[in-house]
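Chains as they are written, first to last, in this note's numbering: chain A, 116 to 456; chain B, -3 to 315; chain C, 269 to 598. Some notes on the structure that comes next.
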Amino acid sequence: MITPGNPASGLDDVIVSVRGLKTYYPGPHKGFWPWSGRLTVKAVDDVSLDIRRGQTLGLVGESGCGKTTVGRSLLQLVRPTAGEVFFEGQDLRKLKDDELYALRKRMQIIFQDPYASLDPRATVGFTISEGLLIHKLTSPAELPDRVADLMTTVGLNPAFENRYPHEFSGGQRQRVGIARALATNPTFIVGDEPISALDVSIQAQIINLLRTLRDQLHLTMLFISHDLRAVRYLSDDVAVMYLGKIVEMAGTDELFASPLHPYTQALLGSTPKPSWSADPAEAVMLTGDVPSPINPPQGCYFSTRCPRVMARCREAQPALVEAQPGHKVACFLLSDAVNLV
Amino acid sequence: MLRYLVRRILSMIPLLIVVTAFTFVVGQYGAGDLAAYLAGTRGDSTKGFDVELYQKFRQELGMDDPIYARYANWLWNAAHGDLGRSYVMMGDPPVAYLIKNAVPQSLQLCLAALVLVTIIGVPLGVVAAVFSNGFLDRVLVSGSSILSSIPSFVLAPVAIIVVVVRLQLLPSVGVGWHGLFAKETILPAFCLAMVGLLNVVRTTRVSILEVLSQEYVRAARARGLSERLVIARHVIRNAMLPVITVIGMTGAGLLGATIFIEQIFNIQGFGMMVSKGLQRGDIMTVTGAVLVSTVIVMLFSLGVDLVYGLIDPRVRVTK
Amino acid sequence: MDTSTIVPADISPGGAPAGARRAKRSRSFWDDAWYKFRHNWAGMAGLTVFVLLCLAAIFAKQIAPYDYLEQDWTAILQPPSAAHIMGTDDLGRDIFSRVLMGGRTALMVAMAISLTGAIVGLLVGAFSAFAGGKVDALVVWVIDGVMTFPAIWLAAFVSVATAPALKNLAGSLYNATGWEFLRNEVMISYAVVVFAIGMINWTWPARLVRSQVLSLREREFIEATLALGARPRWIIMKHLVPNVLGSMIVLVTLSFGNAMLFESSLSYLGIGIRPPGASWGAMIFQGMSKVRTHPYLVLAPGITLAVVVLALQFMGDALNDALNPKSRNK
């Protein structure tokens, strides 16, 4: 196995690979009685993606589109319903519990809510060292120094290791969360909307910290966010999700320069006056609400809100196909164009 | 609403069966051999233990049947209004008859206490919330803590000494039940009400505070409504739901406390029946009383839910 | 709340100079709680009363001026005086000495009930929450069922119905072991009371632990620990238990007072502690027939009971304010 953080081990090495991932939750009862069957919420519905070593994949979409569930399913924090999740060549869904517990030190997560994700009754020092204690990675004698190092790395004063989360600000707590994720020297980190709960002034600091750490430690990341600017700043590739499915996936520059899917176009159009925006005349406005994942629309899930909807969009689901080299999209407008060529 | 009602009533049945099965089985095994007791007390005591009579009683009471058959039999009869006989009391009166004579007094007493605890507790809670963390708040909350912490069987005799004997404000407590609106009912109802006072005051206070911190209250204040109008029009209405729940839950506690109050005030009610039944080991009476009191408590909580539905439009729409 | 009034605003963790490494240990959660509790007069008064009661119960034999069973036919129904500070009862027994022994009974019974209740409730509640599904539904249903019934009736019923069975059990245990205390009727009545009240008491901690575990399980920091590779046992010991502990302490305190009240109630009804065992409830009942002429017979044990129950209530409230700061003004 390749040691973590070795940049020489080749950039084409795919470290995380997801095939046909489906995660369904039990929804509300179908009928009136408690024993009547339950509906399913298709939070993630047939998602496939690859992340290469040292790369960052940005995952964007509106809230409730299932992007958070993708991250959790990847780490097996939520057990997927179907599909395969490979991490460094191992199918995580086939691992025994003990193997999974041991493997978790190599893949970590930074949570969205810096208030809920820290135990209010544990000192930050304990929170940061917890991974080391669980996996017995550091001897008790070295532990204080390791914790102090980690705190310095994320920009916290090591003197405060015995303080409790309520004594810290949101940004500082998020730094604690980052230190906790880094403690076990992981190769892969999921950032689950790590900045969206923070003040705007703090967001830039945390984003920069993440970027610096990623470059220094050669981390592979899945960066989940609805903030397009942050995703653009941090990601090498971007995947756009809508209602549990990936609708478009491409290199960051390519996607922001020429979005193909109407949904992506609308998303980019809704970002406040970015210089890279398409011609304002072309900007698409979205109307209506996101349909419920319990009862998704027939055909293309986006057909209810799509400004360029066609008759067949309401009948069949478009597949995710490579419209241009390295640029996949799930839309009949483009798959037809591909076929015609 | 009707479907909800049907479902609620149906869901009570399993609980009722388990509760009565528990009391029946535990009671039958725990109380000792009733036939032996009857043979010992009813037979000719000069002849020593009369085995024939014992066998006769065993047969009569169906005690040779397996326990589940006896329970099923009891339940079947209970569904037809027959709860068996109390063999401990003179003349073997039917339990259903005893209960029928005892329940109305207790229900009226509980009702009076419930009304009292509501008209005392809710305003106190509102006042405590309005002056929250002030002197008045502390006095009211500690005061109702004190009143609720004194056990009924201490509060009631003290009240009798002070109010009846020393101050002679109320007539001497006689024997029996004088009716819901009699002066004799004031003191027992008051003592019973104190059992639930703290819960009602505290819940009212907390839920008023909760509502006071809501946006729409701030909006109403911002519109320039007077504080009194804000509280009267917006706060109390919205804070009442948890209060109703607590008043409903208090009902069961009050019924429980009648066991002391009725004894002290000499009211021949349900609580008196249960306490005497327990002391004499009259297991048939106690088992019957358990069934009836469980039904009463369940119907009461159903009633609370219905009131809840009538007040809160959200509950009504979602059934 | 991260802006606790306890932590002065000028100590902002990130802002201090980096040289001050491990300078001063910050106030822990428990230090904060103790600080808040100490400044709550009602809580401190409750604690004082409770500590005094415990001391009085432990040293009852040393403090009591008379033997609590000693009958003095020359001093029957004496009102409070220098010789008998709470008077004497209709058998000439010193009421103060009996109140002390009654306190010992109440404390022993309440301790047994609240501790077993807490342990059983913790196990059942945690098991139910983790098992989920039908098991959880069943446990909730049982708890609701127990709570539907007026608690004192259930305790009284169980006490009456199980007393003969427990007595038989003790009898056969005595035959097997020869231990003398198994034949002691008072000891058996203690066991019956503990069992009967314990039957109800476990439901409160069970319900609390279940709901706490369920809500904690949804909290992200549990998921974060899971993501670190922690096994369930680690999560329970390092995160769930410390977080539930605060509420548990409050509940055990409140249930302690409740158990004392229930013991007295059962004894008052004549189905609790058997004479010659001393119990406040039984003393109140015995005094009731003479309450109009000799009110101190009821008042001495009655006021003691009320004060102790109130003390535990105040203590529980103060602990709740100190340990669960969020629930204070909400």
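Ideal Cβ placement from N, Cα and C applies to all residues, glycine included.
Report task. Have a look at Val193 (chain A) and Gly277 (chain B) and give me their C-alpha separation to the nearest angstrom. Result -> 57 Å
Query raised in the report: Would DSSP call His307 (chain C) helix, strand or coil?
Result: coil
Report task. Identify which residue in A:Lys360, A:Asp160, A:Leu449, A:Met336 has its Cα closest to the Cα of Pro195 (chain A). Result -> A:Asp160
Query raised in the report: Roughly how many angstroms lie between the CA atoms of Leu383 (chain A) and Gly366 (chain A), to the nearest whole one?
Result: 15 Å
Requested in this report: With Arg54 (chain B) as the anchor, note down where its alpha helix (DSSP H) starts and where it stops.
Outcome: 47 to 56
**Report entry** Under 7 Å from the C-beta of Leu192 (chain A): neighbouring residues of chain C
**Finding:** Glu491, Leu494, Ala495
Query raised in the report: Is it a yes or a no for the segment 431 to 444 of chain C touching the segment 474 to 494 of chain C, going by three-plus beta-carbon pairs under 8 Å?
Result: no
Query - Residue range of the unbroken alpha helix (DSSP H) whose run includes Val518 (chain C) - result: 509 to 536
Report task. Helix, strand or coil for Ile339 (chain A), going by three-state DSSP, please let me know. Result -> strand
Report task. Reducing DSSP to helix, strand and coil, say where His481 (chain A) ends up. Result -> The structure shown does not extend to residue 481 (chain A), since chain A spans only 116 to 456, so no value can be given for it.
Query raised in the report: Leaving out the 5 sequence neighbours to the left and right, which residues in its chain are closer than 8 Å to Ile130 (chain A) when beta-carbon positions are compared?
Result: Ile166, Arg167, Arg168, Phe202, Glu203, Thr302, Phe303, Thr335
Requested in this report: Compute the beta-carbon to beta-carbon distance between Ala125 (chain B) and Val137 (chain B), rounded to the nearest angstrom, for a pair I have assumed lies under 8 Å.
Outcome: Their Cβ separation, rounded to whole angstroms, is 10 Å, which puts Ala125 (chain B) and Val137 (chain B) out of contact at 8 Å.
Query raised in the report: Straight-line CA distance for Asn300 (chain A) to Asp352 (chain A)?
Result: 23 Å
**Report entry** Beta-carbon proximity list for Val403 (chain C), same chain, < 7 Å, skipping 5 on both sides
**Finding:** Ser396
**Report entry** chain A within 7 Å of Asn592 (chain C), Cβ atoms only
**Finding:** no
Requested in this report: Excluding the 5 residues preceding and the 5 following Leu370 (chain A) in the sequence, name in chain order all residues of the same chain whose CB lies nearer than 6 Å to its CB.
Outcome: Val353
Query raised in the report: With 7 Å set as the bound, which would you pick, yes or no: does the beta-carbon of Arg475 (chain C) sit closer than that to a beta-carbon of chain B?
Result: no
Query raised in the report: Is the Cβ-Cβ distance between Met369 (chain C) and Ala328 (chain C) less than 7 Å?
Result: yes
Requested in this report: Would you mind telling me which residues of chain C sit closer than 7 Å to Lys220 (chain A), beta carbon to beta carbon, in chain order?
Outcome: Gly497
Query raised in the report: Going by beta carbon distance, what residues of the same chain come within less than 8 Å of Lys292 (chain C), once the five residues before and after it are set aside?
Result: Unreliable positioning characterises Lys292 (chain C) in this predicted model, as indicated by a pLDDT of 40, which lies under 50. The coordinate reading is nonetheless provided below. Cβ within range, chain order: n/a, list empty.
Query - Member of B:Gln104, B:Arg217, B:Met59 whose CA lies at the smallest distance from the CA of Tyr25 (chain B) - result: B:Met59
Query raised in the report: Do Trp341 (chain C) and Gly355 (chain C) have their C-beta atoms closer together than 7 Å?
Result: no
Report task. Ignoring anything shorter than 4 residues or poking outside the segment 200 to 253 of chain A, list the alpha helix (DSSP H) runs there in chain order. Result -> 212 to 218, 239 to 249
Query raised in the report: Considering only the beta carbon of each residue, do Leu321 (chain C) and Val481 (chain C) sit closer than 7 Å?
Result: no
Query raised in the report: What's the gap between the Cα of Leu237 (chain B) and the Cα of Leu205 (chain B)?
Result: 14 Å
Query - Ile339 (chain A) vs Gly186 (chain A) beta-carbon contact at 7 Å - result: yes
Query raised in the report: According to DSSP, which residues form a beta bridge with Val162 (chain A)?
Result: A:Leu136
Report task. Would you please verify whether the beta carbon of Asp394 (chain A) is less than 7 Å from any beta carbon of chain C? Result -> Low confidence applies to Asp394 (chain A): its pLDDT is 49, below 50, so where it sits in the model is not reliable enough to give any reading.
Report task. Would you list the one or two residues that DSSP bridges to Leu172 (chain A)? Result -> A:Leu337, A:Asp352
**Report entry** Straight-line Cα distance separating Gln104 (chain B) from Leu386 (chain B)
**Finding:** In the structure as shown, chain B starts at -3 and stops at 315, and residue 386 (chain B) therefore has no counterpart that could be examined.
Query raised in the report: Excluding sequence positions up to five away, which residues of its chain have a Cβ less than 7 Å from the Cβ of Leu34 (chain B)?
Result: Phe53, Tyr83
**Report entry** Three-state secondary structure (DSSP) of Leu154 (chain A)
**Finding:** strand
Report task. Output yes or no for whether 7 Å exceeds the beta carbon distance between Arg560 (chain C) and Val161 (chain B). Result -> yes
**Report entry** Beta-ladder partner(s) of Pro90 (chain B), from DSSP
**Finding:** B:Arg81
Query raised in the report: Mind checking Leu225 (chain B): buried by the 16 CB within 10 Å criterion, or exposed?
Result: exposed
Query raised in the report: Using CA coordinates, which residue listed in B:Gly220, B:Leu274, B:Leu176 is at the minimum distance from Ala108 (chain B)?
Result: B:Leu176
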